[in-house]
Amino acid sequence: MNPLIEFWPSGEHVEECLRTEAETVDQALLLAVHLPITLKRRSAQAGNEVDASEVDLLDSLMRPVNDGSSVIIAITGASGVGKSHMIRWLGAQLDRHPRRKDLVVVPIPKTASLREVVERILAPLSGARYDALRADLSRAVESLDPPRAAELLATALAEELGPYAAQVEEQIRANGDRSLGPRIVAANRVRDLIRDPEIRDQWFRNVLLRIVDASLSGTSDPARRQFQVADFEPPAAIASMELRRTVGQALAFLASSNGAARGIAAEVLQEVLDAALRTIFRFTEALNQRTIQDVVDEIRRELLADGKELVLLIEDLAALSGIQQPLLDIMIAESDEKGVRVRAPIRTAVAVTDGFLAGRQTVLTRAREQWVVPSEGIDEETVTRLLVEFTGRYLNAARHGIAHLKQRFNTVAPNRDDLYSWVPKFDPTLDAAWSEKLASFGSSESGYSLFPFNVAAIKSLASSVLKIGDAWTFNPRAYINEVLSSTLRQRFAFQAAGFPPANFRNPKLLSAVSVGLTYQGLTPEKLGRVTSGLAHWGGNPNSLDTAPPATRNVFDAFSLPWPFDAIVTPKPEPVEPQPHGGDKVAPPPPPPPPPEPAESPYAQALELWDQNTRLIRTYPVRTRTLLADALNKRMNFGDYCLSGQEVNRDWFWLPPASTISNPTKGLKIEVSPPDVPISPTVIAGLKALDRWDSNGKSWSYPNGETDYAAANTLLERLEHQILDMVLDEAVRDTGIAVLALHRQDLLLGLTTRADNPSLRDLLADAPKEIAVAVDDLSQQVRRAMTTRKLATDTRPRLQERLRRYLSCYQGDGGKVLAIDNERFRLSIKQEVQDRWVFVLNGHGEAGNEVQDMLDRLEPQAVDMIVRDLATAVDLYLPEAAAAFADDHARVAWRDEMRAIVDQASQTPAWPTNSVALSEVRGAVDRLAAEALDQAIQRLRKVQPVDVNWETHQKLAALSLVPLPQLITIHKEVALLRRFFIELDKSIKAQTSSIDDQAAVQAHDALFQDLVWEE
2 MNPLIEFWPS GEHVEECLRT EAETVDQALL LAVHLPITLK RRSAQAGNEV DASEVDLLDS
62 LMRPVNDGSS VIIAITGASG VGKSHMIRWL GAQLDRHPRR KDLVVVPIPK TASLREVVER
122 ILAPLSGARY DALRADLSRA VESLDPPRAA ELLATALAEE LGPYAAQVEE QIRANGDRSL
182 GPRIVAANRV RDLIRDPEIR DQWFRNVLLR IVDASLSGTS DPARRQFQVA DFEPPAAIAS
242 MELRRTVGQA LAFLASSNGA ARGIAAEVLQ EVLDAALRTI FRFTEALNQR TIQDVVDEIR
302 RELLADGKEL VLLIEDLAAL SGIQQPLLDI MIAESDEKGV RVRAPIRTAV AVTDGFLAGR
362 QTVLTRAREQ WVVPSEGIDE ETVTRLLVEF TGRYLNAARH GIAHLKQRFN TVAPNRDDLY
422 SWVPKFDPTL DAAWSEKLAS FGSSESGYSL FPFNVAAIKS LASSVLKIGD AWTFNPRAYI
482 NEVLSSTLRQ RFAFQAAGFP PANFRNPKLL SAVSVGLTYQ GLTPEKLGRV TSGLAHWGGN
542 PNSLDTAPPA TRNVFDAFSL PWPFDAIVTP KPEPVEPQPH GGDKVAPPPP PPPPPEPAES
602 PYAQALELWD QNTRLIRTYP VRTRTLLADA LNKRMNFGDY CLSGQEVNRD WFWLPPASTI
662 SNPTKGLKIE VSPPDVPISP TVIAGLKALD RWDSNGKSWS YPNGETDYAA ANTLLERLEH
722 QILDMVLDEA VRDTGIAVLA LHRQDLLLGL TTRADNPSLR DLLADAPKEI AVAVDDLSQQ
782 VRRAMTTRKL ATDTRPRLQE RLRRYLSCYQ GDGGKVLAID NERFRLSIKQ EVQDRWVFVL
842 NGHGEAGNEV QDMLDRLEPQ AVDMIVRDLA TAVDLYLPEA AAAFADDHAR VAWRDEMRAI
902 VDQASQTPAW PTNSVALSEV RGAVDRLAAE ALDQAIQRLR KVQPVDVNWE THQKLAALSL
962 VPLPQLITIH KEVALLRRFF IELDKSIKAQ TSSIDDQAAV QAHDALFQDL VWEE
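Under this note's numbering, the first residue of the sequence shown carries the number 2, and numbering increases by one thereafter.
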């Protein structure tokens, strides 16, 4: 068994000695662990502070009272700093004071019930009178039914809130302090809540029961007898209730200011709680219609006759709601009236927690000064020194146990000059080797061994509890609970040679050290233990090159592998013998290694970065820039047919999620996963890249090879992620380009094949469009024409992007060496259902026009194009198709039409007020042009669109005759039809004067000559 186990306190001793509530600590233990500290003596009027000792505190409490004044010692400070401990320490000193026989000391612990407080105050009364009062008091308290008392308390609180609001309003009028206004609102709103029976039962019943129960029975947790902010968070049941208007207003107030109003409500109720509790406990009735103040006055008169003084030691005034005001009245009552002493002097030491409002100002004003137990504004060195001494005293006491301490305390004669001379030092005999190991842990100034801690461990473990940012606080309660107790409960692990356990208390080594440990071949369990040992007991070294002094014995005592032995050091060169028997000459020693360069502020910030803490300043931008620059130097996307592609710094996601400029959509590379500790390899790699960048993006500097390895570990992982992501995105982007171009092919009439587009069609030039005036077109047709023009304009840019996605180039030139057919094959099968946006850069310009085109062609919008085309086809196709025969022959039709027009122009039947001859001839020539021949041939081949067809089938059918040509044909046909209609009217008019039979024959003959044969 490890001999040092004797110095590790047993679990039983830990539980009985490491207590944080002063009133539960035996006086022998209290003195054995007491750490003298420097207090701040602050003037109540001027606020000036001077340092003061505990002896000064005791002397002030026992100062002469010849002037008849009451002595009030107000000990202030934050919760957990040891105010109650100081009150108990004063009690221990009074027990050894030369004037002890003249003092009646009444300690009032913060855990006491209200009845116990009153009984302690009445304790100086002896005999039957005291017994009767105590019996009456017990009956009064026991007669209270807690649920009924809770209802009475609600009523009493509501009654007190009204005068409180009026008092605050008067205070505002007097001093103009408008900051008190929310307290008036809080008082009125909370009164509305607790007056509502349903709200009181559903919401505040348990809160009031808790306070009543703690006041009746006492509690080790003073917060149980106080209103808390959480008490004013409405329960879920309230949401389903029908609420009165005043209740709704109260709820709105509590939710205002991001919940800050709840804190105000808790403070306001706490201020009136003292008076409300006095109402329901009715101590005056129990004391035969005398107040507590009256009874204490009687006690003090009797003590005066006996030549004694009354001393009250109040451990926490804030925890004594229900009797605070009587205590305040008692402690300020002077012993003299009109220059004559009528009652015994009273001395009071009272602890007042920062933030406590009710009665605080009264205490501080009458005390004339505060004795502040400091907790903030203490430098790191001082906090560490205090914690080391504190730890040594508690360890020494816990090694002995309370039984031994009490025995020693009670048998050793008191020494007024040295209050702690009786405390025994735990010092069993060890052999030399183990004594050396024990000594390596260090000792406190009092000579107590710090095992199983050392100074480095105390500082490291305490920092997670007592350090916020760069500021330390001194809070003994938190240190005992979170550091001492939790560590000493690991005795079983030490016995099993497993202390410290792996990852004990969240160790965080510097990245270089963590990475170095991974190369030492340790098992995960040993690696975790060594990490804990180095981070806490080893002082978190900067590297594994130099071992911290005196740490080797600590690691041996904990059965930890010594990580510094793994460092490979070069062997010295052998000394060559000199010829002719000359003296041996050793080669000159190698030059010392270059000093480690000072870390940059960025590198220091990296060590503070974790999954919950953001990088500060502009360091997120620097991190992303470093990664992008380094990766772009090592990655050649041209090898993957992605020439021009680069790593974009905006891709990198840094923990935590709230880090500025983290990507939320598009491409994302997690430098470190969310909600898990950041790997040391990430930190080490980034620090290496920082030095690389500072050296002109070169690895040619001392230790550059080591940095290169660290950076490579990080970059290699990211490179694989980026390559996988970019190649997947390349298929997606290619799929968008292919689909967009294929739909353009169909829209522009470049293909009629709905599926399996060919690369030739995709890269075909857009057809030359016939100019069409769009101003007179309907909205749907105009929109269809706009989409078609956009397709024509953007097609070259889409084609260039497609070429870039599929082409492998020779070097940085433009010569294509190969086509990535596999990517093309995969892209055709790719179904991009979300919005069509190109994510990869460096593959041709996108621009607003291209994105507009993609927005129109993507799955969610392409139906609009189909509907617009269908509208245009329905409008123009029927009339245009009806104008031509199935076996239409362009040249024959032109010649025939020209002959008809020429013949009509030579007859009196030509419509003079209609279409001009030149317009008719022009329409004939344009319809007979070769450019429209294919479109006219297709007019009768257009099939009706089936609603069940796929989108591409619909586009192919509706674009069989390109829309500009369809509109042009329709326009020319419409002109010819208008001409022939007017011609027919003219012929009828000229034959109307001939008799009927002759007219018919003449009309038929003329019309037969001029008819437009279809």
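C-beta: ideal position from N, C-alpha, C; glycine also.
Please read these numbers as outputs of a predicted model, since none were measured by experiment.
I need the DSSP call for residue i, collapsed to helix, strand or coil.
{"i": "Leu318", "result": "helix"}
{"i": "Ser461", "result": "helix"}
{"i": "Cys642", "result": "coil"}
{"i": "Thr714", "result": "helix"}
{"i": "Ala503", "result": "coil"}
{"i": "Tyr165", "result": "helix"}
{"i": "Phe565", "result": "helix"}
{"i": "Arg1024", "result": "Residue 1024 lies beyond the residue range present for the chain, which begins at 2 and ends at 1015; the question has no answer from this structure."}
{"i": "Lys942", "result": "helix"}
{"i": "Asp307", "result": "coil"}
{"i": "Asp380", "result": "coil"}
{"i": "Ser11", "result": "coil"}
{"i": "Val105", "result": "strand"}
{"i": "Gln521", "result": "coil"}
{"i": "Phe653", "result": "strand"}
{"i": "Tyr810", "result": "strand"}
{"i": "Thr660", "result": "coil"}
{"i": "Thr21", "result": "coil"}
{"i": "Leu967", "result": "helix"}
{"i": "Asp337", "result": "strand"}
Using alpha carbons as the reference points, say which of the options lies closest to residue i.
{"i": "Ala785", "options": "Asp298, Leu967, Gly249 and Gly645", "result": "Leu967"}
{"i": "Thr280", "options": "Ala267, Leu91 and Glu160", "result": "Glu160"}
{"i": "Asn67", "options": "Arg342, Glu120, Ala882 and Asp317", "result": "Arg342"}
{"i": "Val105", "options": "Asp903, Leu304, Asp887 and Ala629", "result": "Leu304"}
{"i": "Leu328", "options": "Glu335, Asp337 and Ile315", "result": "Ile315"}
{"i": "Leu274", "options": "Leu153, Gln496 and Met865", "result": "Leu153"}
{"i": "His405", "options": "Gln646, Gln28, Asn613 and Asp419", "result": "Gln28"}
{"i": "Leu485", "options": "Trp473, Asn455 and Asp471", "result": "Asn455"}
{"i": "Asp869", "options": "Ser544, Leu181 and Thr787", "result": "Thr787"}
{"i": "Asp875", "options": "Ser779, Ala175 and Leu799", "result": "Ser779"}
{"i": "Ala320", "options": "Phe228, Ala494, Arg135 and Leu961", "result": "Phe228"}
{"i": "Ala689", "options": "Leu607, Pro375, Ala498 and Trp654", "result": "Leu607"}
What do you get for residue i, buried or exposed, if any count of 16 or more other CB atoms within 10 angstroms of its CB means buried?
{"i": "Pro573", "result": "Legend: pLDDT at Pro573 = 42, less than 50; position of this residue unreliable, value from coordinates given subsequently. Exposed, because fewer than 16 other Cβ atoms sit within 10 Å of the Cβ of Pro573."}
{"i": "Arg100", "result": "exposed"}
{"i": "His721", "result": "exposed"}
{"i": "Pro223", "result": "buried"}
{"i": "His581", "result": "With a pLDDT of 47 at His581, under the threshold of 50, the predicted position of this residue should be treated as unreliable, though the coordinate-derived value follows. Answer is exposed; the Cβ neighbour count stays below 16."}
{"i": "Ser54", "result": "exposed"}
{"i": "Asp317", "result": "buried"}
{"i": "Gln496", "result": "exposed"}
Do residue i and residue j have their CB atoms nearer than 8 angstroms?
{"i": "Ser450", "j": "Leu462", "result": "no"}
{"i": "Ser644", "j": "Tyr810", "result": "yes"}
{"i": "Arg19", "j": "Ser114", "result": "What sits at residue 19 in the sequence shown is Leu, not Arg. No, they are not a contact pair."}
{"i": "Thr547", "j": "Ile459", "result": "no"}
{"i": "Thr969", "j": "Leu933", "result": "yes"}
{"i": "Val925", "j": "Arg899", "result": "yes"}
{"i": "Leu1041", "j": "Leu62", "result": "The displayed coordinates of the chain run from 2 to 1015. Any statement about residue 1041 would go beyond what the structure contains."}
{"i": "Thr735", "j": "Ser828", "result": "yes"}
{"i": "Leu616", "j": "Thr624", "result": "yes"}
{"i": "Val389", "j": "Ser445", "result": "yes"}
{"i": "Ala150", "j": "Val213", "result": "yes"}
Since I believe residue j is in contact with residue i (beta carbons under 8 angstroms), could you give me their beta-carbon distance rounded to a whole number of angstroms?
{"i": "Ser447", "j": "Arg530", "result": "Their Cβ separation, rounded to whole angstroms, is 31 angstroms, which puts Ser447 and Arg530 out of contact at 8 angstroms."}
{"i": "Val373", "j": "Lys41", "result": "4 angstroms"}
{"i": "Ile403", "j": "Leu30", "result": "6 angstroms"}
{"i": "Val269", "j": "Ala187", "result": "5 angstroms"}
Please indicate yes or no: does the CB of residue i lie closer than 7 angstroms to some heavy atom of the ligand ZN?
{"i": "Thr21", "result": "The model on display carries no ligand, and the ligand ZN is accordingly not part of it."}
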